[in-house]
Amino acid sequence: MMGTQPEIVFIKPKHGRKVPIPQYMQDTKEYFGDYLPEEGLQVQKTLFWIRRKQDDDIEEVSESDNSPIVQESTDTTRTKLKKAKEETPE
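When you line the sequence shown up against the working numbering, it's residues 83 to 172, in that order.
Here you go:
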């Protein structure tokens, strides 16, 4: 018996919104940051993201509208975090 493939969507936070990344994504090997990046992120369509969309916190973007891919978004977030750590005096 074959299961269905999870639906993958590209989402972005609505203007001015800070949408937290759910814990199950923070527990993975890839680091996504604490909040959904403004550039957007490709995610599995779960109840968490469906609720964020119903609350008008995020918007689904078609594949042709997004230029970055998941790895680029992750790299951008990592780069920003590294720069912030380097600039922070200890």
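Even for Gly, the Cβ is constructed at its ideal location relative to N, Cα and C.
Source: prediction; values computed, not measured.
{"Item": "Buried or exposed (CB count within 10 angstroms, at least 16 for buried), K96", "Value": "exposed"}
{"Item": "Cβ neighbours of T86 in the same chain (closer than 7 angstroms, five flanking residues each side left out)", "Value": "none"}
{"Item": "Simplified DSSP assignment, three categories, for F92", "Value": "strand"}
{"Item": "L123 in three-state terms, based on DSSP", "Value": "strand"}
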